[in-house]
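Those protein sequence lines, which keep their order, are chains A and B.
Start counting the first sequence at 1; every next residue gets the next number (our numbering).
Start counting the second sequence at 88; every next residue gets the next number (our numbering).
We put the beta carbon where it would ideally sit given N, CA and C, even for glycine.
Notes for the one structure printed next.
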Amino acid sequence: MRIACPHCGLRDVREFTYLGDATPERPDPQAPDAVDRFNAYVYMRDNTAGAHRELWYHGAGCQAWLAVERNTRTHVIAAVRSYKATS
Amino acid sequence: MSEPISASRGEQQPHRLGGGLINRSRPVRGLFDGKAIEGFAGDTLASALLANGIRLVGRSFKYHRPRGILTAGPEEPNALVELRSGARREPNTRATTTEMFEGLEATSQNRWPSLQFDLLSMNSLLSPFLPAGFYYKTFMWPASFWERVYEPLIRKAAGLGRASAEPDPDHYEQAYAFCDVLIVGAGAAGLAAAQAAARSGARVIVCEQDFLVGGRLLADDREIGGVPGGIWSDAVVAELNGRPQVRMMTRTCVFGVYDSGVYGAIERVSDHLPQPAAHQPRQRLWRIMAKRAILASGAIERPLAFPDNDRPGVMMASAVRSYLNRFAVRPGQRVALFTNNDDGWRTAKDLRRHGVEITAIIDSRPDVPAPLKAQWSDARVIDDGRVSGTSGGTGLRAISVTTRGGRQRIKADTLAMSGGWNPDLGLTCHHGGRPVWRDDLAAFVPGQAPPGLTAVGAANGRMLLRDCLAEGSEAGRKAAEDAGFVASGEDVPRVDDETFAVTALWHVGGHKAFVDFQNDVTADDIALSEREGFRSVEHLKRYTTLGMATDQGKLSNVNGLAIMAALTGQAIPAVGTTSYRPPHIPVAIGALAGHHRGKQFRPFRLTPSHQWAQQQSAVFVESGAWLRAQYFPRPGEKDWLETVSREVRTVRSAVGFCDVSTLGKIEVHGADAGAFLDRLYINTFSNLPVGRARYGLMLREDGMAFDDGTTSRLADDRYFMTTTTANAVRVFQHMHFCHQVLWPELDVQFASATDEWAQFSVAGPHARDVLARLVDPPFSIANADFPYMGVAELTVCGGIPARLYRLSFSGELAYEIGVPARYGDALARSLMRAGEPLGIVSYGTEALGVMRIEKGHVAGNELDGRTTADDLGLGRMMSSKKDFIGRVMATRPGLTDPKRPKLVGLRPRNAGERLYAGSHLLPKGAAHTIENDQGIVTSVAFSPSINHWIGLGFIVGGATRIGETVMMVDFMRDSFVDVELCAPVFVDPKGERLRG
């Protein structure tokens, strides 16, 4: 499998590390129910079959964290952007 | 028309014909079961055996029935031999794809004492007790027999060939290739596609698993554009070879379709040679990146299932043509033909052309097309007939034919059979696509293929040569266009007349009608499976083992599920198919490993002082990818314990140094560098004075301790962070995540400096004296000028840039000195020279570990991902004034439970006893059960400072139980020791040596 890093071009998947779903956002640590929110942030994930926006780290390349849109059924990658560019 | 070679030349090869694609100027000799055989370059082992009159080549897996050569290709299920001997011996090698070479040695498999007289063929008599799945119903009584009797017997009986137990002397390469269009298979359709794509200028790679190019054109007598098929394909190959952007790869099989247009292929570089040439690999594993790919893998002829269809002499009709036309071998002298389709009749034509007697042509169809029969008025043609049996012991002598009129016996020493053709579509299913059934072809054709892959020709169900050429050409053109090239359409050459029609015939009826030859599965077994309720195709496969042999069902899958469909009254598509997964053909594990064997299994990293340490006879230990000096034995020392104890005693009484370059080092710069570190660590770094260092602990977001290290402040906006050796890469990745994803607004930049600095710890009462000899003025290393936890940038040894940190892992007066990595070796030698008059010693990771345990410093054993800062006794370090990673989750009830095991020191009650890491701590006198488990021992060492074993661990209650005696329980090492709980520090508890 290859991933098109926006900085480095199409590279072998072995250059990257996968983290998981990119959609959860780190909760406000000051919120009154912070523990519950952090529990969901750390542990709870939708196990999506289909379009998935996920985080990959180009560790053996430019070290950018990337937001990748990949279909978990077919592995077809629709888009790859640096995470900073999408937020 | 060709005659057999005359007796004067061909006694050894009585069945050799004239013509063919073999090279008669290069005779080769080999051995089969110790008997000499002769052939020519261009023969396979199978064609040479047939030429020499040998057709009994193996014994079947379960019943030990005599078996002969069934096919001429990689789908062969019977002619499996052990090739070569010694370390290169390889079992289950297909004689049909093994190229003959001088000195070839092959041995038949699965028989004792010999192929002709196999005593184990007695199994045939037991066959009523050995149907599919018999082992689910037997071997259960008595229970004690299972391990002692049944399992050893089954292990001996299992398998076909024997692997060599010696290390593989060959090596294997891995290679990468890139192209616009990949063509899989160089038969008619593949060559047409390659030609069309290549003419556009696209980069084309053609992979052909055979050693010759041409596919069925090598074996069939066809005409393309007015010339013989072989001439046409030679011309196309010449054109392709003349284009520099085209790469033709023979002996190369594409075995897998992976994501993103990546294809796996195996090139058999040296399999056809006695052994690889010097510096050549045995095989080469390719990863091919192709924008588009065309699957032109052809189709595989299907056997017919009738009683005793596995007798040596029964052969696929297309294989008979291969042996006649390509290998110039007559498979027999009196050949009968049994077919349910038009293509089988081609074999009759070729037999006649080669002067071989045809004893009967049996077509199962009642409506055989008249044009087929027209040229056979002089032959015995039987319409609407079935072969219902064979006879002849270890070689066919006669067949039984059944028609509406009754049964008759016909003499034949060879039976060519054709049940139709199955497109070889496995690769189209590698992404989960399922094939589609076609009633008109009585075969499956590709369904949804992986993106970028198109099937053409016979692989796509095109049974006429003209359609193969047309479809291949158009696909090649389209693929080049999709890859961005301008490609024009090609005219399709005229071909000789042809027809295709087939009427399915799945089972003639009767017993011992083999469906899966390699695993000895008959039509009766499929019926048994259905009776017992295993009706889905997935259950059928696993219950009967149909399709699970090394040929992966290439000849058996379709017949098997068609028979099941008939038994269950379903249409074939309803029964479904099993999945196809890579590899499409067997691939040697050595080829997948490539050069990653032994020491080269993975990369290793050496410290700057590695060579120097080797010269000191250091013993090394693997620490992740690093090789680190573990201890430095001196002559006369009897074991590591003596060496390590000496190193520790010398450090604590004089001075020693140790290479600690492997710890992670990260430069952190920027206006917000301090703020960034505050969010990573549990303690505060933004208030660290310039020129000072501080120990830090960081958590994971789930609240567990993650990593620790010392971070120094070199300037307002410059910090130098260290991590543990094991976590360096992980921490760096985590920092990037925090900066890029969580807090992109912070003005901070960081870079890995692990490989930039050689770093040594210098520890002991004389540490300052040693370094004083190396530091350059005006730097002053006096205690008042450079106190504990100080950090400085300076030069040493007359101008070499360096950093000095007054840190102590050992608890002694100690420093760490860092210089650019290229000076590491020189610094090690300088430290030895400077310290020699003071009795300096070099120490390794063992002594480093002993000393940190003596001081109760936690390390990787304690930071195992399951402990919190509180558990480690570092809870007070957690700042309440700032947010940091893991702060919120660390407050979870489960992580703040006072009953969690806490860090404690351990000493044996009896000073002579040994402690073991990994043992559990239970109350003294309690039963040794999990209910009484209260903790675990994480680190142990023999302390030469106090002369007994010591340990660190975690126990419920922790420091509140100091003074209590508990039991250390270790079932693995059979050790049960009374230990006293104590404070986790064993040397200099007040820390007075640090600040001197």
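Between Gln836 (chain B) and His944 (chain B), the gap from beta carbon to beta carbon reaches 8 Å or more. Rounded to whole angstroms, the separation of the alpha carbons of Leu764 (chain B) and Phe772 (chain B) is 6 Å.
By alpha-carbon distance to Phe896 (chain B), the top candidate from B:Gly936, B:Arg338, B:Leu556, B:Val906 is B:Gly936. Taking 8 Å as the upper bound for CB-CB distance, Ala280 (chain B) and Gly539 (chain B) are not in contact here, some 14 Å apart. Here the alpha carbon of Glu903 (chain B) sits roughly 14 Å from the alpha carbon of Tyr782 (chain B). Residue range 727 to 740 is occupied by the alpha helix (DSSP H) that includes Thr730 (chain B). For secondary structure counted as the alpha helix (DSSP H) over 4 or more consecutive residues, the segment 216 to 302 of chain B holds these complete runs in sequence order: 238 to 244, 275 to 286. Around Gly926 (chain B), the same chain offers Ala741 as residues with beta carbons nearer than 6 Å, after the five sequence neighbours per side are excluded.
Beta-carbon to beta-carbon, Val474 (chain B) and Val595 (chain B) are separated by about 7 Å, close enough to satisfy the 8 Å threshold. By the rule that beta-carbons nearer than 8 Å mark a contact, Thr978 (chain B) touches chain A.
Collapsing the DSSP output to three states places Ile940 (chain B) in a helix. With respect to Thr841 (chain B), Lys752 (chain B) sits close: the two C-beta atoms are nearer than 8 Å. Only Ser347, Gly348, Val349 from the segment 347 to 360 of chain B bring a Cβ to less than 8 Å from some Cβ of chain A.
Taking CB atoms only, Thr72 (chain A) has no neighbour in chain B less than 8 Å away.
DSSP lists A:Tyr57 as the bridge partner or partners of Trp65 (chain A). Taken through DSSP and simplified to helix, strand or coil, Gly431 (chain B) comes out as helix.
Using a C-beta cut-off of 8 Å, the segment 60 to 79 of chain A makes no contact with the segment 377 to 389 of chain B, since fewer than three inter-stretch Cβ pairs fall below that distance. Annotation for Phe763 (chain B): the continuous alpha helix (DSSP H) segment containing it runs 760 to 767. In the three-state reduction of the DSSP assignment, Ile318 (chain B) falls in the helix class. When C-beta atoms of the segment 38 to 52 of chain A are compared with those of the segment 986 to 999 of chain B, fewer than three pairs fall below 8 Å, so the two segments do not count as touching. Ranked by how close their Cα comes to the Cα of Ile241 (chain B), the residues B:Ala252, B:Pro256, B:Thr225, B:Ser251 have B:Thr225 in first place. If the five residues before and after Gly351 (chain B) are omitted, its C-beta is found closer than 6 Å to the C-beta atoms of Phe342, Gly343, all from its own chain and listed in chain order. Legend: CB atoms of the segment 558 to 582 of chain B lying less than 8 Å from CB atoms of chain A are not found in any residue. Remark: C-beta atoms of Leu552 (chain B) and Arg374 (chain B) do not approach each other more closely than 8 Å. In the three-state DSSP reduction, Gln495 (chain B) falls in the strand class (E or B). Its Cα nearest to that of Lys1011 (chain B), the residue B:Gly1050 stands out among B:Gly1050, B:Arg974, B:Leu1039.
Taking a C-beta distance under 8 Å as the contact criterion, Ala283 (chain B) and Gly571 (chain B) do not qualify as a contact pair.
Phe38 (chain A) reaches chain B at Glu788, Val975, Met976, counting residues in chain order whose Cβ is nearer than 8 Å.
Under a 10 Å Cβ-count criterion, Lys725 (chain B) is classified as exposed, with fewer than 16 other Cβ atoms of the shown protein chains found around its own Cβ. When secondary structure is reduced to three states using DSSP, Gly476 (chain B) falls in the strand class. Glu186 (chain B) sits in a strand when the DSSP states are folded into three classes. Counting C-beta atoms within 10 angstroms of its own C-beta, Leu212 (chain B) has fewer than 16 neighbours from the protein chains shown and is therefore classed as exposed. Using a Cβ distance threshold of 8 Å, Gly129 (chain B) and Ile109 (chain B) count as a contacting pair. Every unbroken stretch of the alpha helix (DSSP H) spanning 4 or more residues and falling wholly within the segment 815 to 864 of chain B is given here in chain order: 815 to 824, 854 to 859.
The three-state secondary structure of Ala661 (chain B), taken from DSSP, is helix. Distance from the CA of Pro453 (chain B) to the CA of Thr180 (chain B), rounded to the nearest whole angstrom, comes to 40 Å.
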